[in-house]
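Working notes for the structure below.
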Amino acid sequence: MKFLSLMTYLGFVWALFVSLCLAPGESLGQTTTQYSRVVAQAERIAYLAAQRSALASQVATAALAPSAASLAVRMVAGPVGWAALGVSAGLVLAQMYYSQPDLAAIKQAAAPPTGNWTYSYNGQTYTIPNHNIAGSPSPAPVCPGGLMFGYLGSPTPGMTSAGPSNWWCPPSPAQQSTGTPTASDIQQYLLAQSSSSPNAIEQHTSPVGTTGTTQPADHTVSQPVAPTEMPTTVKPKPVPAGDIVVADNVPPPASTPQQNTQQQTTTTTTTTTQNPDGSTTQHEETQATTSCAVGSHESRTFGTVLQAHQTTWELSGLLGTLNLLKSLTWPSTLPVIALPSAFFGSQQVDFNQWAWFFTVLRTLVIATASIAAYRIIFVGGQTST
307 MKFLSLMTYL GFVWALFVSL CLAPGESLGQ TTTQYSRVVA QAERIAYLAA QRSALASQVA
367 TAALAPSAAS LAVRMVAGPV GWAALGVSAG LVLAQMYYSQ PDLAAIKQAA APPTGNWTYS
427 YNGQTYTIPN HNIAGSPSPA PVCPGGLMFG YLGSPTPGMT SAGPSNWWCP PSPAQQSTGT
487 PTASDIQQYL LAQSSSSPNA IEQHTSPVGT TGTTQPADHT VSQPVAPTEM PTTVKPKPVP
547 AGDIVVADNV PPPASTPQQN TQQQTTTTTT TTTQNPDGST TQHEETQATT SCAVGSHESR
607 TFGTVLQAHQ TTWELSGLLG TLNLLKSLTW PSTLPVIALP SAFFGSQQVD FNQWAWFFTV
667 LRTLVIATAS IAAYRIIFVG GQTST
């Protein structure tokens, strides 16, 4: 059981060391920031505002089509300007989609009123002329639903008297009759809607890019977009909701400090020593100088940053403790301690029987010291190399 526990623990420590060697940054929580080129949500909204009239015209045409059909207007990257930004021409940036029921509702809402009112009575529909109520008795009678009718002549079925002669009310609130809307009526209706209205163009347009999907439609229109109409920016991941990702894993902005080694100089010194027996021994020592500078990145080298970290940790006393651990000598054979006693007799403790415990303790100390040393060199402080 003791042996199994020891092997399990040593396996865990071995896995920890392997992860530190193969991916030290990931093991200690360091991540590399990735960037995407996006069309910000504000730029997409600004584009829709500039194109509102043209988009409303396309919706009006689809709503008045003889056959019912859904409409999709896809804003795609045009052939000029996008390639320089690493964006494929023809990429769908955003899509405006109206289903057939959506278009029918817009057509009905945009229909102009006529001069008549209609109501239902006993399963029949009756039409009431919208007479001019000028010169009617004051106060004018009010019918259900707040409607007033100055009706001359005999009442139609179901109407009741509202007081003075020739005033009649329908049995239920009447609906004003509407005519057939024109393309101009529908276009003006859409332009009058606020951006939060259910029928508004903004509510029916969604981002696509490289991460979204398009909605299939019976009638699809591709509308080219220039980079100047939907300007792009480079943002770190994760990209905010509502932005359109047009290119993934792109270089960061020029002003962003980056880990980029631009120059490395290596110097090798060879020393030859003459031995007493006439042979010679060669000793080679290699020195490498590395510097990095990208854009506005600081010009400090790895050596200066390391020295700054060491100075900071020396003041805390931790580095001195690590130096003490470095000089420790681990014995290969543990002692046997005799404990003479007049009452209990002579006893002895053989620590070699507990060698596994000291092995675990030594492994734990070395592992902790290694992780602390790594953080001093590569993580500690407010600097990056």
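In this text, residue positions in the sequence shown follow the numbering used here: the first is 307, and each later residue adds one. The C-beta atom is built at its ideal place from N, Cα and C for all residues, glycine as well.
- Beta-bridge analysis with DSSP links V642 to D656.
- Taking each of N422, Q414, P461, V527 in turn and checking the Cα distance to A400, the smallest one comes out for V527.
- Pairing A366 with H525 gives a Cβ-Cβ distance that is not under 9 Å.
- In the DSSP secondary-structure assignment, E591 is bridged to T575.
- In its chain, beyond the 5 residues on either side, V344, A346, Q347 have a beta carbon closer than 6 Å to the beta carbon of D549.
- Under a 10 Å Cβ-count criterion, R668 is classified as exposed, with fewer than 16 other Cβ atoms of the shown protein chains found around its own Cβ.
- In terms of CA proximity to Y432, C475 leads the group C475, K413, G396, G392.
- Cβ contact annotation for P419 (same chain, cutoff 6 Å, sequence separation greater than five): Q482, T484, in chain order.
- Distance from the CA of T511 to the CA of S501, rounded to the nearest whole angstrom, comes to 11 Å.
- For I492, the uninterrupted alpha helix (DSSP H) run begins and ends at 489-498, by DSSP.
- A contact between stretches requires three or more CB pairs, one per stretch, nearer than 8 Å, and the stretch 399-418 meets this requirement with the stretch 505-521.
- C-alpha of T488 to C-alpha of L370: approximately 8 Å in a straight line.
- Annotation for V365: the continuous alpha helix (DSSP H) segment containing it runs 358-369.
- Closest by C-alpha distance to E349, out of T534, S561, A678, is T534.
- Around the beta carbon of S652, fewer than 16 other beta carbons sit within 10 angstroms, so the residue counts as exposed.
- Scanning its chain for C-beta atoms nearer than 6 Å, with the 5 sequence neighbours on each side dropped, one finds around P537 the residues E349, in chain order.
- Taking A468 as the centre and dropping the five residues before and after it, the same chain places the C-beta of P447, C449, W474, C475 closer than 7 Å to its C-beta, in chain order.
- The C-beta of D408 has 16 or more other C-beta atoms within 10 Å across all chains shown, which makes the residue buried.
- S676 sits in a helix when the DSSP states are folded into three classes.
- Apart from the 5 residues on each side of it in sequence, T520 sits with its Cβ closer than 8 Å to the Cβ of A378, R380, V398, Q401, V514 in its chain, given in chain order.
- The three-state reading of DSSP puts L612 in helix, counting H, G and I together.
- The Cβ-Cβ distance between V655 and V642 falls below 9 Å.
- Boundaries of the alpha helix (DSSP H) around K413: 406-415.
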